[in-house]
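**Student:** First the structure, which I've put down as structure tokens, then a few questions once you've had a look.
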Amino acid sequence: MLEAVLVLLAVALVWTSVKLAGHRRAVRTVREALVQRQTFLRHEHPGAAGKDWIDFCETSNDLIEKLTKLETAQTSQLAQLDATLGSLKEAVLVVDSHNHILLANSSLQDIFPRATEIIDQRLEVVLHSVTFLNYVDAVRKGTAEPYHEIEFVETDETRWVEVTGTTIPALDGASGQWALFVLHDVTRQKRLERMRKEFVANVSHELRTPLAVIKGYIETLVDGHQDMDLADRTRFLNTVQRHTERLNSLLDDLLTLSRLESSNSALERESVELRAMILSIVEDYRNRPDAAEHKVITQLDSAINRLILDPLKVTQVLNNLIDNALKYTPAGSGITVGAELHPAEAEVEIRVSDDGPGIPEADLPHIFERFYRVEKGRSRERGGTGLGLSIVKHIATLHGGRVQVESTLGEGTTFRIWIPTHPKQ
Ligand code: ADP
Numbered sequence: 002m003l004e005a006v007l008v009l010l011a012v013a014l015v016w017t018s019v020k021l022a023g024h025r026r027a028v029r030t031v032r033e034a035l036v037q038r039q040t041f042l043r044h045e046h047p048g049a050a051g052k053d054w055i056d057f058c059e060t061s062n063d064l065i066e067k068l069t070k071l072e073t074a075q076t077s078q079l080a081q082l083d084a085t086l087g088s089l090k091e092a093v094l095v096v097d098s099h100n101h102i103l104l105a106n107s108s109l110q111d112i113f114p115r116a117t118e119i120i121d122q123r124l125e126v127v128l129h130s131v132t133f134l135n136y137v138d139a140v141r142k143g144t145a146e147p148y149h150e151i152e153f154v155e156t157d158e159t160r161w162v163e164v165t166g167t168t169i170p171a172l173d174g175a176s177g178q179w180a181l182f183v184l185h186d187v188t189r190q191k192r193l194e195r196m197r198k199e200f201v202a203n204v205s206h207e208l209r210t211p212l213a214v215i216k217g218y219i220e221t222l223v224d225g226h227q228d229m230d231l232a233d234r235t236r237f238l239n240t241v242q243r244h245t246e247r248l249n250s251l252l253d254d255l256l257t258l259s260r261l262e263s264s265n266s267a268l269e270r271e272s273v274e275l276r277a278m279i280l281s282i283v284e285d286y287r288n289r290p291d292a293a294e295h296k297v298i299t300q301l302d303s304a305i306n307r308l309i310l311d312p313l314k315v316t317q318v319l320n321n322l323i324d325n326a327l328k329y330t331p332a333g334s335g336i337t338v339g340a341e342l343h344p345a346e347a348e349v350e351i352r353v354s355d356d357g358p359g360i361p362e363a364d365l366p367h368i369f370e371r372f373y374r375v376e377k378g379r380s381r382e383r384g385g386t387g388l389g390l391s392i393v394k395h396i397a398t399l400h401g402g403r404v405q406v407e408s409t410l411g412e413g414t415t416f417r418i419w420i421p422t423h424p425k426q
């Protein structure tokens with residue numbers, strides 16, 4: 002329409018300039034008015050007087066005014082769209098028929114933080130995804146699914162986005178259709194789903210081994226118990242018992258984790274005499290046969306008074322850490338259970354250290370992950386489930402605290418947890 006108007010005006014202009022030869026100034030005024038979309042006054046050029054000139058001026062002025070109104074309306078339509086979509090939580094993207102980006106709201110920037118200054122750029126330059134471009138084509142052809150999940154692989158991370166798109170009439174009056182896309186970031190859900198799948202796979206794997214052993218031994222016992230000598234039978238039954246215990250600990254740890262992770266998991270906080278609690282836990286260990294060959298000592302800060310915490314859960318933290326120190330250090334090793342008050346930070350630090358073989362540096366960042374073990378065989382052989390340290394971390398976090406591990410190969414390992422002395426309820 003714009004072009005048609007311009008052509009019309011140009012023809013009129015030529016006609017006028019021929020007709021009114023010598024009135025160059027008038028022609029220049031008209032030209033400038035057209036370029037600048039400004040109406041002009043007919044009596045500014047007395048030399049160009051006459052009815053035709055006046056008609057021409059009025060028609061041109063009318064057309065210029067219409068054109069200006071049309072342009073303002075188009076710009077404000079886009080601006081209005083921009084203002085409406087700008088505040089939406091969902092990311093919105095509008096592209097023209099050549100995939101030039103016309104509009105992108107701020108939520109789009111949250112999903113693709115590196116896509117800055119993207120207006121007027123081509124879609125393929127900004128979002129590197131063949132799948133998305135294919136989806137854009139499908140939307141234009143009307144063959145797209147209502148929702149499509151697309152993986153955007155960036156150099157340092159992968160994002161999953163659920164996208165839905167539709168075509169809209171071009172607001173600039175051009176013949177092609179624009180396309181509007183609403184993008185919803187589902188990366189977090191995807192990651193959780195993957196973690197859940199991994200967890201189920203890990204649990205199945207952990208259950209399978211003891212169950213297979215139990216099944217095998219029971220079958221042998223059922224089939225051959227009459228001919229089997231007593232020593233073999235006892236050995237078989239002991240193995241079945243060991244693996245049953247392993248299954249039991251695994252289920253116990255899984256239940257504990259699931260309770261800690263459940264949304265309504267609450268701490269049962271009470272005022273606790275922490276030093277007395279630690280002394281009694283360590284005393285229990287000293288009386289246990291499996292700790293007989295270890296030297297367990299305490300180093301407790303006398304400044305620690307009563308603290309508000311969940312005694313059962315903190316006991317579990319200490320049990321898991323001391324159990325590990327016993328499991329993964331040889332007989333004769335020393336284990337120290339310490340607690341220190343840090344008044345400036347309003348925290349109490351509880352630590353369990355040993356002088357055992359230590360943990361390789363490469364394993365340290367993963368040590369609190371579920372089912373992570375440094376030496377798989379050794380952990381299983383000692384009844385480990387690979388869940389003890391993730392339980393420790395969960396309990397510390399629930400108290401508003403944190404955990405840390407330090408280890409040097411051949412020198413030993415120290416686990417620390419910090420718990421706030423003035424917990425937020
Ligand atoms: P597990 O049930 O296997 O003991 P944890 O989550 O408690 O599982 O511990 C994870 C792994 O960390 C263990 O399998 C072991 O390899 C390592 N580990 C934990 N504590 C110590 C320690 N004190 N010294 C050496 N290695 C340790």
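Following our numbering, the numbering of the sequence shown begins with 2 at its first residue and continues without gaps. In this text, a Cβ means the ideal position worked out from N, Cα and C, and glycines have one as well. All values derive from a computational prediction rather than experimental measurement.
Where are the beta strand (DSSP E) runs, 3 residues long or more, that stay fully inside the stretch 280 to 339, in chain order?
**Tutor:** With a minimum length of 3 residues, the continuous beta strand (DSSP E) runs that stay inside the stretch 280 to 339 are 296 to 301 and 307 to 310.
**Student:** For S176, count neighbouring Cβ atoms within 10 angstroms of its own Cβ and tell me buried if that reaches 16, exposed if not.
**Tutor:** To locate residue 176, count along the sequence shown from 1; it is residue 175. Looking at its Cβ environment, which holds fewer than 16 other Cβ atoms inside 10 Å, S176 is exposed.
**Student:** I believe L261 touches L390 by the beta-carbon criterion, under 8 Å. Please report the beta-carbon distance rounded to the nearest angstrom.
**Tutor:** Position 260 of the sequence shown, counted from the first residue, corresponds to residue 261. Position 389 of the sequence shown, counted from the first residue, corresponds to residue 390. With 8 Å as the limit, L261 and L390 do not qualify as a contact, their Cβ atoms being about 13 Å apart.
**Student:** If you run the structure through DSSP and keep just helix, strand and coil, what is R243?
**Tutor:** Start at 1 with the first residue of the sequence shown, and residue 243 comes out as number 242. R243 falls in the helix class under three-state DSSP.
**Student:** Tell me, to the nearest whole angstrom, how far the beta carbon of A340 is from that of R276; I am working on the premise that it is less than 8 Å.
**Tutor:** Here residue 340 refers to the residue found at position 339 of the sequence shown. Here residue 276 refers to the residue found at position 275 of the sequence shown. That belief holds up - the Cβ atoms of A340 and R276 are roughly 7 Å apart, short of 8 Å.
**Student:** If you follow the alpha helix (DSSP H) that H395 is in, where does it begin and where does it stop?
**Tutor:** In the sequence shown, the residue the question calls residue 395 occupies position 394. First-last of the alpha helix (DSSP H) with H395: G389 to L399.
**Student:** From this set, D186, Q300, A27 and F369, which residue's C-alpha is nearest I279's C-alpha?
**Tutor:** Taking the sequence shown and counting its residues from 1, one reaches residue 279 at position 278. Nearest option by C-alpha distance: Q300.
**Student:** Assuming H206 is part of the alpha helix (DSSP H), what are its boundary residues?
**Tutor:** Counting from 1 along the sequence shown, the entry for residue 206 is found at position 205. Segment T188 to G225, the alpha helix (DSSP H) holding H206.
**Student:** Do three or more CB pairs link the stretch 122 to 133 to the stretch 141 to 154 at distances below 8 Å?
**Tutor:** Flag = yes, the stretch 122 to 133 and the stretch 141 to 154 touch.
**Student:** For P421, list the residues DSSP reports as bridge partners.
**Tutor:** The sequence position of residue 421 within the sequence shown is 420, counting from 1. Partner(s): E348.
**Student:** Does E427 pass the burial test, meaning 16 or more other C-beta atoms within 10 Å, or should it be called exposed?
**Tutor:** The requested residue 427 is not part of the displayed model; the chain covers only 2 to 426.
**Student:** Should G384 and R243 be called a contact, given that it needs their Cβ atoms to be closer than 9 Å?
**Tutor:** Within the sequence shown, numbered from 1, the residue matching residue 384 stands at position 383. Within the sequence shown, numbered from 1, the residue matching residue 243 stands at position 242. In contact: G384 and R243 (Cβ atoms closer than 9 Å).
**Student:** Can you list the alpha helix (DSSP H) stretches of 4 or more residues lying completely in the stretch 65 to 121, in chain order?
**Tutor:** Runs of the alpha helix (DSSP H) inside the stretch 65 to 121: 107 to 112.
**Student:** Taking 8 Å as the cut-off, does the CB of F416 come closer than this to any heavy atom belonging to the ligand ADP?
**Tutor:** Residue numbering aside, residue 416 sits at position 415 when the sequence shown is read from its first letter. True, at least one ligand heavy atom lies under 8 Å from that Cβ.
**Student:** Check each candidate in D230, L184, R123 and T167 and name the one with the smallest Cα separation from I106.
**Tutor:** What you label residue 106 is simply residue 105 of the sequence shown in a count that begins at 1. In the sequence as displayed, the identity of residue 106 is Asn instead of Ile. Taking only the C-alpha atoms, the option nearest N106 is L184.
**Student:** Any heavy atom of the ligand ADP closer than 8 Å to the beta-carbon of D291?
**Tutor:** For the purposes of this step, residue 291 is identified with residue 290 of the sequence shown, where counting begins at 1. Incorrect: D291 has no Cβ contact closer than 8 Å to the ligand ADP.
**Student:** Quick check: P424 and G387, are their CB atoms within less than 9 Å of each other?
**Tutor:** Locating residue 424 in the sequence shown gives position 423, where the first residue counts as 1. Locating residue 387 in the sequence shown gives position 386, where the first residue counts as 1. No, these two residues do not count as a Cβ contact at 9 Å.
**Student:** Buried or exposed, going by whether 16 or more other CB atoms sit within 10 Å of the CB of V201?
**Tutor:** As a first step, residue 201 must be located in the sequence shown, where it is residue number 200. V201 should be labelled exposed.
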